[in-house]
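Numbering (the numbering used here), first residue to last: 1 to 130. For each residue, glycine too, the CB sits at the ideal point set by N, CA and C. Below: one structure, written as structure tokens.
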């Protein structure tokens with residue numbers, strides 16, 4: 001597992017309840033990040049699979065089911081030019097979590113190249129999370 005994700009999840013007390021909305025928003029933003037450049041590398045897939053295995057999940061809806069739904073939602077946001085709305089919709093529950101940008105940076109760089117669309121997303125996230 002990549003070092004950043006190990007650090008992130010090693011700080012989480014497994015008995016602590018993390019808001020479900022935070023977990024959902026983190027998965028949604030990560031999904032958008034790996035879809036935004038139109039490429040999905042094996043390395044991105046591995047990082048995302050690790051995230052799904054590690055993220056605290058407190059919903060009757062399985063995380064995989066949620067992810068299937070958010071794949072469609074993020075793809076629609078990309079195709080309709082509604083990326084900013086998608087980010088803003090999820091940013092509120094991620095504010096104050098300093099690891100979000102680091103996770104998205106790692107995910108964006110994992111395929112060896114950070115595209116212009118990924119750079120724009122990172123900038124939008126930085127603005128939206130502050």
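> Straight-line CA distance for residue 91 to residue 32?
Replying inline: In this model, residue 91 and residue 32 are separated by some 13 Å (Cα to Cα).
> Under three-state DSSP, which class holds residue 130?
Replying inline: coil
>> On the criterion of 16 or more Cβ atoms from any shown chain inside 10 Å, does residue 15 qualify as buried, or is it exposed?
In response: Annotation note: pLDDT 38 at residue 15 (below 50); position unreliable, no value reported.
> With respect to the alpha helix (DSSP H) encompassing residue 100, which residues constitute its N-terminal and C-terminal limits?
Replying inline: 99–109
> Helix or strand or just coil, what does DSSP make of residue 37?
Replying inline: coil
>> Give me the residue from 111, 101, 112 and 114 with the minimum Cα distance to residue 124.
In response: 101
> When the Cα atoms are used, what is the spatial distance from residue 66 to residue 22?
Replying inline: 13 Å
>> Does residue 64 pass the burial test, meaning 16 or more other C-beta atoms within 10 Å, or should it be called exposed?
In response: exposed
> If you follow the alpha helix (DSSP H) that residue 83 is part of, which residue opens it and which one closes it?
Replying inline: 83–91
> Rounded to the nearest angstrom, how far is the Cβ of residue 104 from that of residue 122, given a contact under 8 Å?
Replying inline: 6 Å
> Which residues bound the alpha helix (DSSP H) around residue 114?
Replying inline: From DSSP, residue 114 is part of no alpha helix (DSSP H); its letter is neither H nor E.
>> Counting beta carbon pairs with one atom in the stretch 42–52 and one in the stretch 69–89, are three or more of them shorter than 8 Å?
In response: The stretch 69–89 is not in contact with the stretch 42–52.
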